[in-house]
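Step one of this worksheet: look at the structure below.
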Amino acid sequence: MTGMERLAALMKGRTPDRVPLIVNLLDQGATELGVSLREYYARGDLVAEGQLRLREKYGYDGLLGMFYAGLDAEIMGCHTILYADDGPPNVGHLVIRTPEDILKLQLPDDLHCHPRFHELATCIGILKQESAGRWPVLGVMTASFSLPAMLMGIGAWLDLFLTGDPGLRNLLLEKCSQFCSRQIVALREAGADLVIYANPVASATFIMPQKFRDLALPWVIKDLEGPGATGVVFFNGGGRINPILADLKKNTGIGAYYLNPFDDIAEARQILGHEALIVGAINDIKLINWTPAEIDQEVARIMRVGKQQGGFAFGTQVMPLQIPEENIRALVEAAIKHGRYATDAL
Amino acid sequence: MTDNIAQLTLEVYIKALFDTDKPAALQVVQNALDRGVTPEKIVFEVIIPGMERMIGGMVSDSLVTLSQHFLAAQIAEEVVDRLLPMFAVVPEIRGHVIIGTSYGDFHGLGKKIVSGCLRARMFEVTDLGINVAPERFVDEAVAVGADVIAISSMMVHTATGERGAKRVRQLLQERGLEEKLRIIVGGAPYRFHDNMFREVGADAWADSAAEAPEVVSRLVQEVRTS
Ligand code: B12
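Chains A and B supply the protein sequences, listed in that same order. Here the first sequence stands for residues 118 to 463, where the numbers follow the numbering used here. Here the second sequence stands for residues 12 to 237, where the numbers follow the numbering used here.
Encoded structure:
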């Protein structure tokens, strides 16, 4: 079976040969091609090449059409990205420093005209073509409620939405939300089969479920209103999401949820009912130091719970560059071994 | 009488923090002042215990969120700043800390919370913001006569990289400042590796912002008695 066939089986409520496996490798692609991160992310064709090689090398089930989270901020006007040799690029300039900056904030009408989005779209287009329907291509974006963290800094954003001027907050969210809706459409146009919608600031790690309902949920609904929720995966982005699943399910039409390593998979299934797709994630920062045996054990644990629940895919968060190659291989090997549905044993 | 008020105030204050309702929290403080509770009592029996109850539970108590930590620390810092001049006896400043996130790291929330906790615990804090070059940490520490440099990193590469705490340590060595300044580090990556703080050349680390004042206090002692 291909990754796409596994996914399709899940969507139809059938059991694939094994649990689909999503491994989010980003900066590792540059190492694969022997270029610096700066050169790598300058060109969509290079990133596509890196992603294709990584998938080929390790054998997981998807192709990741993402550069780094800060790219969203670049499209919104951030003009400096800080590159490191050994980790992901970060936003190096905050677009919003004063309330007036919110009034001035502008988003491009056509994302494809923005040079950075153009590179991303090129990358996704190549992935789509090379995949030839075998591996789902994943587009990734930051939700409107989390995007301001990269435009003004997380502290200023918390200040604004917890205690600041509601008019200003809504104006900012309005602009971010418009951007998100356009981005979902543009990612699909570029060739993304699934859109990973990352919303860490809306997670239960950041705000209480009541605040989520009042402040964040309306903007999830709004982001998806135009483009629709088909193929959208709600991604934890580093925060726990079980406490907000019921509200999301009831109000958004999202059919797939990518849990945090600290979210209980069985509990999520109970909240979501049978139809939703669940991705269970491993705490990948630990993969830096774990031995292959420890990795095997943890993967086995997650798979045991996940398979019991059905409608399940296995995933990682964003894998740090410091994870040794041998441990990535151990992860994939363990996931294939423990993810198999034992049809012959029945 | 005011003992009782302080106790009640603490409960109402914690409720306001829990609801991330800043105006309500500040109102609680004002009401207590109006009713004659001393600024000292408010700081030591309401603000600091409130902050520590909120933040101390972070890792184990999954019910408390980061927005609540953030607000608890921020309000503590603000209220202490406001009430300190009203103290009958001005408390001794326990040490001077330079804080920032390491170079290339824009995750600024942990640092903000730590800084609030330190201020509320009577440390003087100079906040250099996010994305701070190692040279700046050292230059500013020397300029303000700090005792401790505190570096927050949220990503593995900004924690262990060559432009983070490691470089700050080198600079202290090169400039002969190691007796005068201590380095404390913190942030998510350190929580995953027991010894990472040593690898990056720090003198100490703290698992949460609530524990930071005690550790920093120890470092200040070391510097001042050496
Ligand atoms: C919110 C968040 C974001 C937000 C907001 C970022 C921002 N501006 O702050 C957004 C969505 C923008 C984001 C983006 C990215 N993020 Co981010 N993010 C997070 C998240 C969910 C929370 C971070 C946070 O604010 N923590 C809150 C603080 C308060 O908690 P804390 O760090 O544990 O701090 C406590 C203690 O450690 C201690 N402490 C902290 N500092 C110090 C200092 C001292 C001196 C002391 C004593 C104590 C101390 O006190 C604090 C309070 O008790 C984490 C995951 C997580 N659960 O931690 C990922 C995480 C940090 N992000 C990560 C990554 C990789 C990124 C990106 C680089 C992704 C990418 N490839 O593009 C981007 C970079 C964006 C950019 N700026 O360009 C990774 C880092 C992993 C790694 N490789 O090292 C994490 C761990 C998620 C993951 N598992 O993949 N992120």
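Note that the Cβ used here is the ideal one computed from N, Cα and C, for glycine as well.
Item: Tell me which same chain residues have a C-beta within less than 7 Å of the C-beta of methionine 269/A, skipping the five on either side of it?; Value: Leu211 and Ile213
Item: Does leucine 19/B pass the burial test, meaning 16 or more other C-beta atoms within 10 Å, or should it be called exposed?; Value: exposed
Item: Following a CB-centred definition, is asparagine 263/A positioned closer than 7 Å to any heavy atom of the ligand B12?; Value: Per the sequence shown, residue 263/A should be read as serine rather than asparagine. True, at least one ligand heavy atom lies under 7 Å from that Cβ.
Item: For the ligand B12, I want to know if serine 248/A counts as a neighbour, meaning its beta carbon is within less than 7 Å of at least one of the ligand's heavy atoms.; Value: no
Item: Could you tell me the alpha carbon to alpha carbon distance between serine 71/B and histidine 235/A, rounded to whole angstroms?; Value: A caution first: serine 71/B carries a pLDDT of 43, below 50, which makes its placement in the model unreliable, though a value can still be read off. The alpha-carbon atoms of serine 71/B and histidine 235/A are separated by roughly 44 Å.
Item: According to DSSP, is leucine 188/B part of a helix, a strand, or is it coil?; Value: coil
Item: For the segment 244 to 256 of chain A and the segment 187 to 202 of chain A, state whether three or more C-beta atom pairs, one from each stretch, are separated by less than 8 Å.; Value: no
Item: Quick one: is alanine 170/B buried, meaning 16 or more other Cβ sit within 10 Å of its Cβ, or exposed?; Value: buried
Item: Tell me the DSSP bridge mates of glutamate 415/A?; Value: The partner list for glutamate 415/A (beta bridge, DSSP) is empty, contrary to what the question assumes.
Item: Should alanine 152/B be listed as close to the ligand SAH, given that the test is whether its C-beta is under 7 Å from any heavy atom?; Value: This structure lacks the ligand SAH; the ligands present are the ligand B12.
Item: I want to see whether chain A comes within less than 8 Å of serine 78/B, judged by CB atoms only; does it?; Value: yes
Item: Name the residue from Glu442/A, Phe329/A, Ile405/A and Gly256/A whose alpha carbon lies nearest to the alpha carbon of methionine 166/B.; Value: Ile405/A
Item: Between the beta-carbon of threonine 132/A and the beta-carbon of tyrosine 458/A, is there less than 8 Å?; Value: yes
Item: Checking the sheet assignment: what are the DSSP bridge partners for serine 113/B?; Value: Val143/B
Item: Please check if any C-beta of chain B sits within less than 8 Å of the C-beta of leucine 188/A.; Value: no
Item: Relative to chain A, which residues along the segment 163 to 179 of chain B have a C-beta separation below 9 Å, given in chain order?; Value: Met166, Val167, His168, Thr169, Thr171, Gly172, Glu173 and Arg174
Item: At what residues does the beta strand (DSSP E) containing methionine 121/A begin and finish?; Value: Careful: methionine 121/A lies outside any beta strand (DSSP E), inside the alpha helix (DSSP H) at 120 to 128.
Item: Around the C-beta of phenylalanine 98/B, are 16 or more other C-beta atoms found within 10 angstroms, so that it is buried, or is it exposed?; Value: exposed
Item: My output table needs one value for methionine 69/B: the three-state DSSP class, helix, strand or coil.; Value: The pLDDT assigned to methionine 69/B is 44, lower than 50, so where the model puts this residue is not dependable; a value taken from the coordinates is nonetheless given after this. Note: methionine 69/B maps to coil in three-state DSSP.
Item: Less than 8 Å between C-beta atoms, sequence neighbours within five positions excluded: which residues of the same chain meet that for arginine 130/B?; Value: Ala87, Glu88, Val91, Asp92 and Val136
Item: When every heavy atom of the ligand B12 is checked, does at least one fall within less than 7 Å of the C-beta of methionine 65/B?; Value: no
Item: Along chain B, in chain order, which residues have C-beta atoms closer than 7 Å to that of methionine 325/A?; Value: Thr76
Item: Whole angstroms is fine: what's the gap from valine 234/B's alpha carbon to arginine 193/B's?; Value: 7 Å
Item: Taking contact to mean 3 or more Cβ pairs, one atom from each stretch, closer than 8 Å, check whether the segment 150 to 170 of chain A and the segment 394 to 410 of chain A are in contact.; Value: no
Item: How would you call alanine 363/A, buried or exposed, if buried means at least 16 neighbouring beta carbons within 10 angstroms?; Value: exposed
Item: Determine the DSSP secondary structure at phenylalanine 429/A, reduced to helix, strand or coil.; Value: strand
Item: Buried or exposed, going by whether 16 or more other CB atoms sit within 10 Å of the CB of glutamine 85/B?; Value: buried
Item: From the DSSP secondary-structure annotation, give me the bridge partner or partners of aspartate 214/B.; Value: Paired residues: none, contrary to the question.
Item: Considering glutamate 225/B, what are the terminal residues of the alpha helix (DSSP H) in which it resides?; Value: 223 to 236
Item: Whose C-beta lies closer than 7 Å to the C-beta of arginine 286/A among residues of the same chain, with five residues either side of it excluded?; Value: Leu277 and Phe278
Item: Can you find at least 3 beta carbon pairs, one from the segment 48 to 64 of chain B and one from the segment 298 to 313 of chain A, that sit closer than 8 Å?; Value: no
Item: Is it the case that the Cβ atoms of isoleucine 162/B and valine 179/B are separated by a distance below 8 Å?; Value: yes
Item: Might you give, ordered along the chain, the residues of its own chain that have their beta carbon closer than 7 Å to the beta carbon of methionine 69/B, omitting 5 neighbours on each side?; Value: With a pLDDT of 44 at methionine 69/B, under the threshold of 50, the modelled position of this residue cannot be trusted; read the value that follows with caution. For methionine 69/B, where only same-chain residues beyond five positions count, the Cβ hits under 7 Å are Val75, His80 and Ser219.
Item: Determine the contact status of tyrosine 314/A and phenylalanine 352/A, defining contact as a CB-CB distance below 8 Å.; Value: yes
Item: Where do the N-terminal and C-terminal ends of the alpha helix (DSSP H) with valine 126/B fall, by residue?; Value: Before going further, note that residue 126/B is serine rather than valine in the sequence given. Where serine 126/B is concerned, the enclosing alpha helix (DSSP H) stretches over 120 to 131.
Item: Exposed or buried, what is threonine 322/A when buried is set at 16 or more other beta-carbons lying within 10 Å of its beta-carbon?; Value: buried
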